[in-house]
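Here's the structure, in structure tokens; my notes come after.
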Amino acid sequence: MKSPSDTRKPYGGPVRSLVIALDVGTTFSGVSYAILEPGFIPKIHGVTRFPGQEHVAGNSKIPSVLWYDRHGKMVAAGAEAETATIVSQAEEEGWIKAELFKLRLRPRTMKLSMNGMRLSPLPQGMSAVEVFGDFLRYLFHCTRNFIIDTHANGASLWSMVEKNLQFVLSHPNGWEGAQQTKMRRAAVYGRLVPDTNEGKARIWFVTEGEASLHACVLNGLAADVLSNPSNHGFIVADAGGGTLDISSYAIRGTSPLVMEEIAPPDCIFAGSVFVSRRARQFLEEKLKNSKYGTDDALDHIARKFDETTKRLFRDERDMQFIPFGSPLDKDPTVGIRGGQLKLTGAEVADLFEPSVQAAVDAIKGQIEASQGMIKSVWLVGGFAASPWLFSQLLDRLAPFKIVVSRPDAQTSKAVADGAIGFYCDHHVSARMARFMYGVEFLREYDPKDREHVKRKGRLCELPSGPKLLPDAFDCILARGVKVKESTVFTRKYCTELTSLTLLSVFEVEIWCYRGGNDVPKWILRQHEDYSTLCIVRADLSPLASSAQPKHGPSGKTYWKIVFSVEIHFGLTEFKARIKWTGTDGQVK
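For the sequence shown, UniProt numbering assigns the number 1 to the initial residue and increments by one for each residue that follows.
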């Protein structure tokens, strides 16, 4: 059997460096890091001491929570933010609590059902990016202090590497270029890196699914698969606070370890926070005629449900209890005796059901997309610790002959550890396109085509004469296509300009289509299935000196410009650029 260390590679960089992985989760966050010594296999460390956790040894996660005072200044965060002293002070001074702020960065195409409940407002005048940046800054400062305090010559080590720190930020599978841009802006706002191209290049991204895969390799969960690689695929299901990130892989090589995605990754809002939200709503209805139906009492009981009942629930046939008060607390009409609220197992199971069923449906979707290759599921993440979620996945996936397992090791910090593994080892060599990507082009008008006739009102005429229709979709990459990291997609285009001054601000929109596997003929700009992935801008003014003027049928002067759009889809971060041939014959 291959041990996890056998899959690691020595660091190949020229100088000592430090990489920090910041896993900002919906409800909890963690940090891992590795000191990179040339020629040595990196060792992953976790930050296991945060302010406010002095009484807890080795805790690697803190709540994703911040307090702001009335002036918009961040005054407490993480574990400190939930201490009795801070909570009391916040109430007295009217501080504003920021939580679940990560959900505000989600793509607009990812629907978030809150069952009538709303996200709490952000501090006045602040954006989600700024709150995210404040939290990144807090995690970074905690990491710096931890390294200086715990490593031999920690202060000297930090001074050697602090100018060239590398950061890996993890995000849900469903997040795209726009969300990565916001996270990079947050990193600049939080002063992790300077607002320069060189600074921004020190921010790396990895999906939570892929980070979890690397964590599984690191802690040995993948050992059985590595010892007997075959064409069988496996799923890594990262069940966190906000999202369930599902990724499917198969091993393509063992020396070195190489894996490929075998289905487009999925991401659904079915994390543990939604069980908590449903519980809060359920309690509000159940206790509405009781003295325990006040907002403060409901918040307290819901918090105790989170800390006890939700974590321990395993059998719907057993009565469940939420211990929240003293022996004197009672209201028999709603099931409260001796400071405990009694619920039936079925009531608690109902609170889990939407998340459980969503997880099962998503996994079944991956099995179908992989054409039956998948034989096992590895369940990781904080929500994976739920006995009920685990047992339900076991039962409901058994008919598909799917083996569900979860590691004995702590998986709540899997994403942070795995993000370091991703940076150092890079085991995934090919990824599946989740959606369809392309650009707009002008399609020649055909008066015999009914669809063209419907769009006749938008006809435009090129200076050279042809009548064309805008908003035609040219697919560069179809959904479900496997793309290796080294693959570059290039498409050549030409355009006609009536003024060479337009070359200095030349831009091309890259479009994303989410509507299915059939290539659409047209871009429907107002439809939710279509969105701009990014806009690629270039200064093509150097071409002006070599461009030859032409004259159209109407006598109008124009210049024909030829360029290429080059797109890298196989990386965890989407990259695109415009290429052209300069006057010296060199490709720019």
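Idealized CB from N, CA, C, for every residue including glycine.
### Message
Quick test of your reading: T109 and E528, contact by CB under 8 Å. State the CB separation rounded to the nearest angstrom.
### Response
6 Å
#### Entry: Supposed close pair I86, E80 - CB separation, criterion 8 Å
6 Å
### Query
Leaving out the 5 sequence neighbours to the left and right, which residues in its chain are closer than 8 Å to V481 when beta-carbon positions are compared?
M432 and A433
#### Entry: Burial state of M1, where buried means 16 or more other Cβ atoms lie within 10 Å
Any reading at M1 needs caution, since the residue's pLDDT is 38, under 50, leaving its predicted position unreliable; the model's value is listed next. Per the 10 Å Cβ criterion, exposed.
### Query
Just the Cα atoms here: how many angstroms apart are T30 and R450?
Reading off the sequence, residue 30 comes out as Gly, not Thr. Rounded to whole angstroms, G30 to R450 spans 57 Å at the Cα level.
### Message
Under 8 Å: do the segment 353–361 and the segment 383–400 share three or more Cβ pairs, one atom per stretch?
### Response
yes
### Task
Give me whichever residues DSSP pairs with V275 in a beta bridge.
Beta-bridge pairing links V275 to no other residue.
### Message
What does DSSP give as the partner residue(s) for A263 in the beta ladder?
### Response
Here A263 is bridged, per DSSP, to S248.
### Residue burial classification, residue 589 (beta-carbon count within 10 angstroms, cutoff 16)
Lying before the first or after the last residue shown, residue 589 is absent from the chain, which here runs from 1 to 588.
### Message
What does the Cβ neighbour count give for L103, buried or exposed, with the cut at 16 atoms within 10 Å?
### Response
buried
### Query
How many angstroms separate the CA atom of F569 from the CA atom of A187?
A direct Cα-Cα distance of roughly 23 Å separates F569 from A187.
#### Entry: Cα-Cα separation, I578 to G438
14 Å
### Query
DSSP state of E307, grouped into three classes?
In the structure shown, the three-state DSSP call for E307 is helix.
### Query
Are the CB atoms of L469 and R455 nearer to each other than 8 Å?
Cβ distance < 8 Å, so L469 and R455 count as in contact.
### Query
Among L393, K484 and M373, which has the Cα closest to the Cα of V380?
L393
### Task
State yes or no: is the C-beta of K401 nearer than 7 Å to some heavy atom of the ligand ATP?
The ligand ATP is not part of this structure, which contains no ligands at all.
### Query
Should E162 go down as buried or exposed, given a rule of 16 or more other Cβ atoms within 10 Å for buried?
With fewer than 16 Cβ atoms within 10 Å of its Cβ, E162 is classed as exposed.
### Message
Determine whether the beta carbon atoms of Y558 and T498 lie at a separation below 8 Å.
### Response
yes
#### Entry: Buried versus exposed, by CB contacts within 10 Å (16 or more), L524
exposed
### Query
Between I510 and M373, which are expected to be in contact by the criterion C-beta below 8 Å, what is the C-beta distance as a whole number of angstroms?
Cβ atoms of I510 and M373 stay farther apart than 8 Å, at about 31 Å.
#### Entry: Separation of A544 from S5, as counted between CA atoms
Residue confidence for S5 is low, a pLDDT of 47 falling below 50, so the modelled location carries little weight; the figure read from the coordinates is stated next. The straight-line gap from Cα to Cα measures roughly 56 Å.
### Task
State the DSSP-derived secondary structure class of E368, mapped to helix, strand or coil.
helix
### Message
Need the endpoints of the beta strand (DSSP E) that I374 sits in, please.
### Response
That run of the beta strand (DSSP E) goes I374 to V380.
### Query
Between the segment 155–171 and the segment 203–223, do three or more beta carbon pairs fall short of 8 Å?
yes
### Presumed contact (8 Å Cβ cut-off) between G209 and K375, rounded CB distance
K375 and G209 do not touch by the CB rule: their CB atoms are close to 18 Å apart, not below 8 Å.
#### Entry: Inter-residue spacing [alpha-carbon to alpha-carbon] between L213 and P463
54 Å
### Contacts around I336, its chain only, beta-carbon distance under 7 Å, and the 5 residues preceding and following it disregarded
Y292, D329 and K330
### Task
Could you tell me how far apart the beta carbons of F132 and L112 are, in whole angstroms, since I believe they sit closer than 8 Å?
That pair is no contact at about 17 Å.
### Message
Using a Cβ distance threshold of 8 Å, determine whether the segment 243–254 contacts the segment 268–284, with at least three qualifying pairs required.
### Response
yes
### Task
Please work out which residues of its chain come closer than 8 Å, Cβ to Cβ, to L459, disregarding the five sequence neighbours upstream and downstream, and give them in chain order.
Y445, K467, L468 and L469
### Query
Just reading off the beta strand (DSSP E) that T344 is part of, what are its end residues?
Per DSSP, T344 lies in no beta strand (DSSP E) and is assigned neither H nor E.
### Message
For Q179, report the span of its alpha helix (DSSP H) as first-last.
### Response
G177 to Y189
### Task
Return yes when the Cβ of F28 is within less than 8 Å of the Cβ of P51, no when it is not.
Result no, Cβ atoms of P51 and F28 do not sit closer than 8 Å.
### Query
Three-state secondary structure (DSSP) at L397?
helix
### Task
Report yes if the C-beta distance between L22 and L119 is below 8 Å; otherwise report no.
Cβ distance not < 8 Å, so L22 and L119 don't count as in contact.
### Task
Would you please state the rounded distance, in angstroms, between the beta carbons of I420 and A34? I believe it to be under 8 Å.
5 Å between Cβ atoms; contact.
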